[in-house]
Amino acid sequence: MTTPDRLRLTGATVYDPANGVDGVVRDVCIEGDRIVAELPAGAPRLDVHGMVVMPGGVDIHAHVAGSSVNHARRLLPEEHTADPVPAPRLADGPPPRSGTGGTVPSTFATGYRYAGLGYTTAMEAAVAPLAARHAHAELDDTPLIDSGFYVLLGNDDYLLRQIAAGELARARDYAGWLLGVTRAYAIKIVNPGGVAVWKDGGRNVGGVDDAVGSRAVTPRKILETLAAAAQALALPHPVHIHCNNLGQPGNAATTLESMRALAGRRAHFTHLQFHSYGGERGKRWTSAAKDVIEYVNGHPEVSVDVGQVMFGSATTVTADGPVEHLLYASSGRKWVNVDIELETGCGIVPYSYREKAAVAALQWAVGLELFLLAKDPWRVVLSTDHPNGGTFLSYPELIRLLMDRAYRDERLKGVNQKLLKSSVLLDGLTREYTLGEIAIVTRAGPARLLGLSQKGHLGPGADADVTVYAPDADRAKMFAAPRCVIKGGTLVVEEGQLRRAPAGARLAVRPDYDRAVTQDVKRFFDDYASVAFENYGAEP
Amino acid sequence: MTTAARTVEHVTCLGCGCACDDITVVVQRGRLTEAQRACALGAAWFGDGQVPDAVRIRGRAGTLERALGEATTLLRDAQRPLVYLAGDISCEVQRDAVAIADRLKGAIDSLAGTAASSVLGAQRRGRAGATLGELRQHAALVVFWGVDPEARYPRYNARYAIDPIGLVAAAGRRSRRVIAVDVGQGRGPADADGRVAIPPDAEVDALGAMRATLQGRSAGANGPLAPAIALVHEMTTARYVALVADAEPGPTPADPDRAEALIALAQVLNGPTRCALSMLRGGGNRAGADAVLTWQTGFPFAVDFGRGYPTYRPHADAAERLAGGEVDAALVIGAPATLPESVARGLGGVATVAIGPRASAAGWKPVVAVDTGVAGIHEGGTAFRMDDVPLPLRPALDGEDVRSAAATVRALRERLEAGA
Numbered sequence: 004m005t006t007p008d009r010l011r012l013t014g015a016t017v018y019d020p021a022n023g024v025d026g027v028v029r030d031v032c033i034e035g036d037r038i039v040a041e042l043p044a045g046a047p048r049l050d051v052h053g054m055v056v057m058p059g060g061v062d063i064h065a066h067v068a069g070s071s072v073n074h075a076r077r078l079l080p081e082e083h084t085a086d087p088v089p090a091p092r093l094a095d096g097p098p099p100r101s102g103t104g105g106t107v108p109s110t111f112a113t114g115y116r117y118a119g120l121g122y123t124t125a126m127e128a129a130v131a132p133l134a135a136r137h138a139h140a141e142l143d144d145t146p147l148i149d150s151g152f153y154v155l156l157g158n159d160d161y162l163l164r165q166i167a168a169g170e171l172a173r174a175r176d177y178a179g180w181l182l183g184v185t186r187a188y189a190i191k192i193v194n195p196g197g198v199a200v201w202k203d204g205g206r207n208v209g210g211v212d213d214a215v216g217s218r219a220v221t222p223r224k225i226l227e228t229l230a231a232a233a234q235a236l237a238l239p240h241p242v243h244i245h246c247n248n249l250g251q252p253g254n255a256a257t258t259l260e261s262m263r264a265l266a267g268r269r270a271h272f273t274h275l276q277f278h279s280y281g282g283e284r285g286k287r288w289t290s291a292a293k294d295v296i297e298y299v300n301g302h303p304e305v306s307v308d309v310g311q312v313m314f315g316s317a318t319t320v321t322a323d324g325p326v327e328h329l330l331y332a333s334s335g336r337k338w339v340n341v342d343i344e345l346e347t348g349c350g351i352v353p354y355s356y357r358e359k360a361a362v363a364a365l366q367w368a369v370g371l372e373l374f375l376l377a378k379d380p381w382r383v384v385l386s387t388d389h390p391n392g393g394t395f396l397s398y399p400e401l402i403r404l405l406m407d408r409a410y411r412d413e414r415l416k417g418v419n420q421k422l423l424k425s426s427v428l429l430d431g432l433t434r435e436y437t438l439g440e441i442a443i444v445t446r447a448g449p450a451r452l453l454g455l456s457q458k459g460h461l462g463p464g465a466d467a468d469v470t471v472y473a474p475d476a477d478r479a480k481m482f483a484a485p486r487c488v489i490k491g492g493t494l495v496v497e498e499g500q501l502r503r504a505p506a507g508a509r510l511a512v513r514p515d516y517d518r519a520v521t522q523d524v525k526r527f528f529d530d531y532a533s534v535a536f537e538n539y540g541a542e543p
Numbered sequence: 082m083t084t085a086a087r088t089v090e091h092v093t094c095l096g097c098g099c100a101c102d103d104i105t106v107v108v109q110r111g112r113l114t115e116a117q118r119a120c121a122l123g124a125a126w127f128g129d130g131q132v133p134d135a136v137r138i139r140g141r142a143g144t145l146e147r148a149l150g151e152a153t154t155l156l157r158d159a160q161r162p163l164v165y166l167a168g169d170i171s172c173e174v175q176r177d178a179v180a181i182a183d184r185l186k187g188a189i190d191s192l193a194g195t196a197a198s199s200v201l202g203a204q205r206r207g208r209a210g211a212t213l214g215e216l217r218q219h220a221a222l223v224v225f226w227g228v229d230p231e232a233r234y235p236r237y238n239a240r241y242a243i244d245p246i247g248l249v250a251a252a253g254r255r256s257r258r259v260i261a262v263d264v265g266q267g268r269g270p271a272d273a274d275g276r277v278a279i280p281p282d283a284e285v286d287a288l289g290a291m292r293a294t295l296q297g298r299s300a301g302a303n304g305p306l307a308p309a310i311a312l313v314h315e316m317t318t319a320r321y322v323a324l325v326a327d328a329e330p331g332p333t334p335a336d337p338d339r340a341e342a343l344i345a346l347a348q349v350l351n352g353p354t355r356c357a358l359s360m361l362r363g364g365g366n367r368a369g370a371d372a373v374l375t376w377q378t379g380f381p382f383a384v385d386f387g388r389g390y391p392t393y394r395p396h397a398d399a400a401e402r403l404a405g406g407e408v409d410a411a412l413v414i415g416a417p418a419t420l421p422e423s424v425a426r427g428l429g430g431v432a433t434v435a436i437g438p439r440a441s442a443a444g445w446k447p448v449v450a451v452d453t454g455v456a457g458i459h460e461g462g463t464a465f466r467m468d469d470v471p472l473p474l475r476p477a478l479d480g481e482d483v484r485s486a487a488a489t490v491r492a493l494r495e496r497l498e499a500g501a
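Residue numbers (our numbering), protein chains in the order written: chain B, 4 to 543; chain X, 82 to 501.
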């Protein structure tokens, strides 16, 4: 069928947790690109009896566009050769494009594959301000998803200078200016201070109170300054934090310190799995998921996404340059490092997580523990830190692990047990996520945490982003191939086939700030930057 | 037309891969009369901003409408079409050009292929790099490996690697030590603080021996490689090393393993110290072609859509395909004057469509030639610096009556996408 301007989906079981609807058979009405309360009786209908309807999925943290992602693509010709993506046969709208997949797909393939999973919004999690223009160009070539990005600020030299000088108001205004000029959505902090130390010829920071250049600058101070800035600028999403010491045994202590540093303040801690290890550096690894998630459970101001590790191929790509250097040194795989002037870093190492590898098995278990011990699904989002812990294509398998205890226990038996003694998974966690909870952790929750009031729900006025699944006891199968997906009122997947690929919208903020800061920033640019202040950013 | 001079500031130059964005262009009576701060290469690139405005079909003047019609027919009827991204077009035009190749199920290649050995080396090993401004902030030791940027990248030293002050290199040039590595004809800067000579036939061995030394595999401190080994010891004592080499082909063909050996050395230097390899790239927004092809197809150059999806044929680039008779029609987008000799030669043997600056002057006699403006002079958009930093283009002459490459290529794309 073509997409009618009005459409009534009838007969499905609806999961719309933001509106308190938990598995109720009811109609969903669409007019134009919005959900409406009612339609005239004669409006076109789509009979979806027996199906499950949810809002379109919302990915709160993925690496899908921009200079780091493109460096990763360039590094992986063998993956792209092995996973061709012919142009889909579309019914109408923009002509289809071919591409390639692998762990870091080409842009058009990324959009097609997200829509094929029923996801209609995705946030690129780490963009260097200097490359913002590049990230926007890639997102323009990524159809079907509404998208935005988080701009990297946790190792920014101008910002660190303001912190050193105690100029916190100026730090805030700088963040406001930078968000606007790069057309970003939120502030991202990656290994606060650690990347700056790495670029300055050092190794890294070891904890939240290490000095970063000046003794007045510490990871703690960076976290406090930017969390306060996000709040003062009234950003829809709080500061989005990748803590220090990612991937290191014993790093849970740093993670908890970081959370305590911001106690009482809204903050999102990303890919928490990679930050929830006990043990000691260089000696032993244990799970500290229980300690970390208990803190989260008790602090409503904290939200997280899990960053689950899934067995199979991955590509680690991050602004955390020093971490990737460690991974390169220990794995001997190919490695990209790009130090980005005055701002941040970039590191890439292709990787794979094997069931039989002790650390990978522990990482897998830690992620599941976080999910299963979380008390409030509204603050614990499903992610794999695509493509770091696995690709977004593994979300259906992850959903199965969460919903199907028998399957999970079976898989648990097959993994390396060496480091799992500390894992509460072995105690037989019986929890199984319900469809309503899956709807929260994959759409309603992330939309709410992002402050996207028109996303993640099916109430009147919401964007008409709707996914229809055919129920299946095998939840991986069910979530891997929605029967029908509607994006902004356009029927993009019909009978499981991608049929249309409209462009997505860009999500960006334009906060108010004291514009006096720009004079000082311009002076800094004139002194140190390699691009003109006037040419910086991504304004059209 | 006003006779008063006007100036446009912060203009990005695409004369080489440095993409200096501090040029002030003076315009008078519709001509560029000055490009302030531009080097000689840049001044030549800007010229006076005058470009021909012809549309030619089989050598005769024609209308744009007919030219696009002929081009559409020629390309649609081709069995093995090739799209080639030449220089001086924006990323926006490159994006449309890749869409055309996808639609035609053709092959596509670009000027980025001139640095194939460095791209392939990076695909095998990765890279340890930095944006140019980072070298400026941190580099304490700059090693020019067989290259003096003066000739082909004239402002590289002044704007990026050596002269300017940086956050750490607070005294600019005086904060840094510069070493010239002379590899035969490829000599480093004349005013370097130190020099090391390496025989061209020992270059890759020298790089390997330097790496082996860092990895604790003794390469022996005597013999012809001794200077190289002494150099690598010096490199480890610097806080941050910039290793600079030319990725573009030089006067003498480089060993195909050279680029990979440079990458491997730069990587291993991260450990004992920090090191970034800066591979110099040519101009015309070739880095943009690499970036766009990579994000749209997953491969940086030498892509073939013949199977209905992108496949990578890095050892069968445009020149090889043309020489091997694998192409029956070609679409060249960009300035023909920027084409590598081997590609231009091959184009003489097939039916071609050329759209771009001075297309009508192409030596290989295109069937259809449509002159357009130059990205960055007559039309805007985005271009990438050699280090993949995106920059906006500020056309000083965009108010002048010059045909836009972006609009022309878009019109051709729409024709090719319409109907079957």
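Here a beta-carbon is modelled for each residue, glycine too, at the ideal position from N, C-alpha and C.
Run down chain X in chain order and give the residues with a C-beta less than 7 Å from the C-beta of His328(B).
Asn351
Per-residue DSSP class, three states only, for Gln234(B)
helix
Check whether the Cβ of Val249(X) lies closer than 8 Å to any Cβ atom in chain B.
yes
Beta-carbon within less than 7 Å of Lys490(B)'s beta-carbon, same chain only, minus the 5 sequence neighbours each way: which residues are those?
Gly59, Ala118, Thr123, Leu147, Asp468 and Pro505
For chain X, find out if any of its Cβ atoms is closer than 8 Å to the Cβ of Gly204(B); answer yes or no.
yes
Can you list, in chain order, the residues of its chain whose CB lies under 6 Å from that of Leu145(X), leaving out five sequence neighbours each side?
Val136
Beta-carbon within less than 6 Å of Ser279(B)'s beta-carbon, same chain only, minus the 5 sequence neighbours each way: which residues are those?
Ala255, Ala291, Ala292, Val295 and Val369
Start and end residues, beta strand (DSSP E) containing Thr88(X):
Arg87 to Val92
I want to verify the contact list: residues of chain X whose CB lies under 7 Å from the CB of Arg70(B), in sequence order.
First, the amino acid is wrong: residue 70(B) is Ser here, not Arg. Within 7 Å Cβ-Cβ: Asp469.
On the premise that Thr212(X) lies in contact with Glu537(B), defined as a C-beta separation below 8 Å, what is that separation, rounded to the nearest angstrom?
Not confirmed; about 18 Å, so no contact.
For a contact defined as C-beta to C-beta under 7 Å, what are the partners of Ser109(B) on chain X?
Trp376, Gln377, Thr378 and Gly379
What does Tyr531(B) reach in chain X if we use C-beta pairs closer than 9 Å?
Gly214, Arg217, Gln218, Pro245, Ile246, Gly247 and Leu248
Phe277(B) in three-state terms, based on DSSP
helix
Within this structure, are the beta carbons of Ser171(X) and Thr463(X) separated by less than 8 Å?
yes
Quick check: Ala347(X) and Leu324(X), are their CB atoms within less than 8 Å of each other?
yes
Does the separation of the CB atoms of Val313(X) and Arg257(X) fall below 8 Å?
no
Any residues in the segment 432-463 of chain X with a beta carbon nearer than 8 Å to a beta carbon of chain B? Which ones, in chain order?
Thr463
Quickly, what does DSSP pair Gln109(X) with across the bridge? List them, please.
Arg112(X)
Along the alpha helix (DSSP H) that carries Val469(B), what are the first and last residues, could you check?
Element bounds for Val469(B): not the alpha helix (DSSP H) but the beta strand (DSSP E), Val469 to Tyr472.
Please report the straight-line C-alpha distance between Ser261(B) and Arg223(B), rounded to a whole angstrom.
7 Å
Rounded separation between Ala65(B) and Asp409(X) - CA only:
42 Å
Which residue wins for smallest C-alpha separation from Arg77(B), given the options Leu149(X), Arg206(X) and Thr195(X)?
Arg206(X)
DSSP puts Arg258(X) in a beta bridge; with which residues?
Leu222(X)
Alpha-carbon spacing of Ala167(X) relative to Thr419(X), whole angstroms
6 Å
Could you give the residue range of the alpha helix (DSSP H) that holds His83(B)?
Pro80 to Ala85
Mind checking who Tyr165(X) pairs with in its DSSP beta bridge?
Asp190(X) and Val413(X)
Going along the chain, which residues of its own chain have a beta-carbon closer than 8 Å to the beta-carbon of Ala199(B), five neighbours each way excluded?
Asn158, Asp160, Leu163, Val215 and Gly216
Considering only their Cβ atoms, is the gap separating Val164(X) from Ile138(X) smaller than 8 Å?
no
Sequence-distant residues of its chain with Cβ nearer than 8 Å to Leu93(B) (five each side left out)
Pro99, Leu501, Arg502, Arg503 and Ala504
Given this structure, state the Cα-to-Cα distance separating Gly98(X) from Ser355(B), to the nearest angstrom.
36 Å
State the Cα-Cα distance for the pair Ser70(B) and Gly140(X), rounded to the nearest angstrom.
42 Å
Identify whether Phe482(B) lies in helix, strand or coil by the three-state DSSP scheme.
helix
Taking the alpha helix (DSSP H) that Gly114(B) belongs to, which residues open and close that run?
Thr110 to Gly119
Output the distance between the C-alpha atoms of His460(B) and Thr289(B), rounded to the nearest integer angstrom.
38 Å
What residues in the segment 382-405 of chain X have a beta carbon less than 9 Å from any beta carbon of chain B?
Phe386, Arg388, Gly389, Tyr390, Pro391, Thr392, Tyr393 and Pro395
With three or more C-beta pairs closer than 8 Å as the rule, is the segment 460-476 of chain X touching the segment 99-109 of chain X?
yes
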